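In our numbering, each residue's number is its place in the sequence shown (first place is 1) plus 184. Data first, discussion second: the structure below is written as structure tokens.
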Amino acid sequence: MTQRGRHRRRNKGRVLRAALSGTALALTAAATIISTSQAAGSDNPGPLKPLTSASETGKLQLHENLVSETTLNTLQSGMGGHVGVNAVLKSANHPMRNKAACNSTEAAALPVEPVATRAYCWDSGDATTQKWLPQSVTTSGDADNDGKWGDDRVILAGWTHNDHKAGEPADDKGLARVAFIDANDPKNLKYRWVLLVAPLDGGKDFGAVRSHLGGMVWYQDKLIVTAKNGADHNNALFVFDMNRILQADVNSSEVGKVSGGWSAKGYQYVMPAIGSYNLTGGKCDATTDDKVPCFASVSLDRTSTPDSLVANEWFSSGGTQPARVWRYYYSTASDRTGLLGSNSSDNVNVDEVYETEAVGVQGVLSYKPSGASEANWYTGYAPGSRDRHGTLWRQNESTAKAAKCGSGETYACWGQHTESLSYWQETGELWTLTEWAANKDNEWKPPAIPERVLYAVPLSSVDSSVE
């Protein structure tokens with residue numbers, strides 16, 4: 185595949201909104217909650233249960249809303265044109281630390297079984313900040329089956345503002361940013377932050393997108409991210425175009441058009457949303473799995489036909505509420521690269537839905553081995569407290585298995601408080617990242633204990649471990 189395209193908002197006494205073909209792109213805050221509950225995570229959840237009734241599948245229908253090309257072009261032109269992914273990578277100004285340079289609490293967050301073959305820790309400020317929370321990961325292995333975007337190997341990590349940290353400014357709530365990580369040299373990863381925004385006033389302005397960023401998929405030239413877990417609006421997913429990265433030219437605390445140019449709260453780069461998907465059943469409900477679901481995480485499945493986006497909902501790791509996992513196929517139309525498959529009414533219907541008894545599901549991945557009759561679904565459980573390892577279950581309609589920690593009887597072998605999952609098909613690696621930098625009492629107060637690590641394990645090692 186060829187390289188594409190070289191390859192507090194000011195308070196004006198109004199609510200900031202971005203119109204997406206008549207549907208409002210709500211700019212609302214994320215919800216991330218620390219729980220002190222301690223679910224065991226070792227009870228076998230059993231096989232996946234298919235949900236096939238129209239009443240169940242109808243709850244998952246999406247409607248696509250795209251921003252007009254005129255609006256996007258107006259914003260792009262006003263900001264001096266777009267920049268490519270390569271330009272962002274070349275300006276990377278935050279080094280990542282290799283596994284050997286991670287401290288003891290960061291290293292302790294890695295899985296016991298299977299062992300991580302690659303692991304990286306963040307620059308010192310991001311490793312310990314309690315203002316931001318790492319939530320999701322996707323890679324150029326999702327974007328293209330050769331594993332590259334043009335000539336670059338890239339990892340994207342989504343972080344959301346920690347709205348539950350006391351004393352945070354109201355204008356910061358729900359902010360979302362993405363680390364563009366230059367992964368061309370596996371021994372020398374470095375990254376640059378890009379702020380997610382939405383066009384306003386026909387492209388004459390932009391405002392911050394408020395997104396939980398619990399999951400991201402970079403497929404072809406589009407980046408699809410989760411909108412919010414526990415949403416008070418209808419948007420489930422936001423869509424961004426990797427060919428529409430724009431550059432701010434004023435360094436201030438404002439977001440949008442300012443005197444003298446464009447400001448992005450101190451960030452040099454922004455990505456404006458080019459669309460969204462809202463749930464046709466109305467706002468989601470995160471209390472039970474028989475309501476309209478809240479998107480907690482997403483990932484890409486290249487083993488389905490056609491390629492598909494899979495998703496899950498989240499309920500507390502301290503409860504017993506089962507969760508749903510489901511799938512949407514991507515469009516195969518040449519003029520709809522990276523968008524989901526929609527019908528003539530711009531609706532996207534779900535293609536598979538299952539219920540899992542696994543609790544506290546933070547991430548989901550679907551992968552169908554060659555010659556297999558059905559896909560395996562990997563669901564990551566994360567306990568609600570620091571210093572506890574999670575469980576990675578492999579489920580299908582027949583069985584459920586997880587790795588044991590050596591000869592022990594526990595299944596709590598996965599990383600500590602891991603988030604979304606992503607499979608890099610070209611390398612065979614399963615990628616994820618861990619979230620926490622709370623204090624010893626599980627509070628977002630100093631002193632922060634760094635436990636954040638980005639790591640990969642071969643999917644074959646996962647499968648060998650559960651065998």
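Here a beta-carbon is modelled for each residue, glycine too, at the ideal position from N, C-alpha and C. Given the structure is predicted, the values throughout are model-derived calculations rather than measurements.
Under the three-state reduction of DSSP, residue 474 is assigned to coil, being neither helix nor strand.
Judged by their CB atoms, residue 319 and residue 628 are not nearer to each other than the 8 Å cut-off. Sequence-distant partners of residue 608 (beyond 5 residues in either direction) whose C-beta falls short of 7 Å from its own C-beta, in its chain, are 323, 325, 331 and 615.
Here the region 369-381 makes contact with the region 280-294; the two share three or more CB pairs at distances below 8 Å.
Contact annotation: residue 445 and residue 434 have beta-carbon atoms nearer than 8 Å. Counting only runs that start and end inside the region 530-570, the beta strand (DSSP E) elements of at least 3 residues fall at 536-540, 545-551 and 560-565.
With a threshold of 16 other beta carbon atoms within 10 Å, residue 556 falls short and is exposed. Straight through space, the alpha carbons of residue 594 and residue 449 are spaced by roughly 46 Å. Residue burial annotation: residue 285 is exposed, with fewer than 16 other C-beta atoms found within 10 angstroms of its C-beta. Considering only 270, 302 and 359, the residue with the shortest C-alpha distance to residue 412 is 359. Counting only the Cα atoms, residue 602 lies some 16 Å from residue 633. The residues 326, 327, 484, 491, 493, 514 and 522, in chain order, have a CB closer than 8 Å to that of residue 403 in the same chain once the five nearest residues on each side in sequence are set aside.
For residue 571 and residue 397, the gap between their C-alpha atoms comes out near 23 Å. With fewer than 16 other CB atoms across the displayed protein chains lying within 10 angstroms of its CB, residue 518 is exposed.
Between the alpha carbons of residue 440 and residue 502 lies a gap of roughly 41 Å. The alpha carbon of residue 643 has as its nearest neighbour, out of 408, 387, 262 and 613, the alpha carbon of 613.
Secondary structure within the region 268-356: the alpha helix (DSSP H) runs of 4 or more consecutive residues, fully enclosed, are 269-274, 288-292, 308-312 and 324-327 (chain order).
Bounds of any alpha helix (DSSP H) do not take in residue 619, whose DSSP letter is neither H nor E.
Here DSSP, grouped into helix, strand and coil, assigns residue 257 to helix. Here residue 491 carries a coil assignment [DSSP, helix/strand/coil]. By the criterion of a C-beta distance shorter than 8 Å, residue 302 is surrounded in its chain by 283, 370, 613, 639 and 640, once the five residues flanking it on both sides are discounted. 8 Å or more divides the Cβ of residue 296 from the Cβ of residue 617.
Here residue 391 is bridged, per DSSP, to 382. Put simply, the backbone Cα of residue 498 is about 11 Å away from that of residue 540.
Judged by DSSP in its simplified three-state form, residue 243 adopts helix. Distance check between residue 249 and each of 275, 317, 532 and 341 places 532 closest, using alpha-carbon atoms only.
Within the same chain, and ignoring the five residues on either side of residue 276 in sequence, the residues whose Cβ sits closer than 6 Å to its Cβ are 366, 374, 375 and 376. For residue 484, the enclosing beta strand (DSSP E) begins and ends at 481-485. Taken atom to atom, the span from the alpha-carbon of residue 512 to that of residue 243 is near 13 Å.
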